[in-house]
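This report concerns only the one structure given below.
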Amino acid sequence: MKMSVKLAAIAVGAAVVGGGFVLAEGAVRPAEAAEMTVYKSDSCGCCGGWVEHMRRSGYQVRVIPTDDLAPIKQQLNVPQSLWSCHTAVIDGKIVEGHVPATAVRAFLKTSGEARGVGVGGMPIGSPGMEAPGHAPEPYDVMSFGAGAPTRFMTFVGADPA
Numbered sequence: 003m004k005m006s007v008k009l010a011a012i013a014v015g016a017a018v019v020g021g022g023f024v025l026a027e028g029a030v031r032p033a034e035a036a037e038m039t040v041y042k043s044d045s046c047g048c049c050g051g052w053v054e055h056m057r058r059s060g061y062q063v064r065v066i067p068t069d070d071l072a073p074i075k076q077q078l079n080v081p082q083s084l085w086s087c088h089t090a091v092i093d094g095k096i097v098e099g100h101v102p103a104t105a106v107r108a109f110l111k112t113s114g115e116a117r118g119v120g121v122g123g124m125p126i127g128s129p130g131m132e133a134p135g136h137a138p139e140p141y142d143v144m145s146f147g148a149g150a151p152t153r154f155m156t157f158v159g160a161d162p163a
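Each residue of the sequence shown is one higher than the last, beginning at 3 in the working numbering.
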């Protein structure tokens, strides 16, 4: 009996150490992490900042460079009012623009019939749009599906308001 308890403890310890990961607060656990595909221009620095924000939050991100995002947004039926500088797809759901990882995680858990979430434009202070010396702007993350986009969450910078 004691031997099986010791073996179980060793197995759990090896799994944690062997996994080689540390969970940051709010990070996606590896079992939950699905690959996110991001369509963006190679020349867009703020998109790169958002991709790094998502990676730091535990997401696996595959970037597909493109110079013409409009056909992708149209094919995915992203509302024009939410169009931004990059478009991502994860688990069949759409993430448009500078949506914080916190909102993506919450949306994936509760999305129901909604097809995606988005932040129109490029609000100062949103992930990838940090501007030293400038206060972050409040902005809404909108969910969208069959009807008009609706407010899903409100943020100031990368933090929920």
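Think of the CB as a built atom: it goes at the ideal place given N, C-alpha and C, for glycine as much as any other residue.
Range covered by the beta strand (DSSP E) that runs through residue i
i: His88; result: 88-92
i: Glu115; result: Careful: Glu115 lies outside any beta strand (DSSP E) and carries neither H nor E.
i: Tyr41; result: 37-42
Pairwise C-alpha distance: residue j and residue i
i: Gly159; j: Ala148; result: 28 Å
i: Val53; j: Tyr41; result: 10 Å
i: Phe109; j: Pro81; result: 17 Å
i: Met38; j: Pro138; result: 26 Å
i: Arg58; j: Gly51; result: 11 Å
i: Pro162; j: Arg64; result: 26 Å
Alpha helix (DSSP H) segment containing residue i, residue limits
i: Gln76; result: 72-77
i: Glu54; result: 47-58
Residue i, DSSP secondary structure in three states
i: Ser145; result: strand
i: Thr104; result: helix
Closest Cα partner of residue i within the set the options
i: Thr152; options: Val106, Gln62, Asp161, Ala116; result: Ala116
Three CB pairs or more closer than 8 Å across the stretch 121-140 and the stretch 75-88: Judged by pairs of C-beta atoms under 8 Å, the stretch 121-140 touches the stretch 75-88, as three or more such pairs exist.
Three or more C-beta pairs below 8 Å linking the stretch 95-115 and the stretch 66-80: The answer is yes - the stretch 66-80 touches the stretch 95-115, with three or more Cβ pairs under 8 Å.
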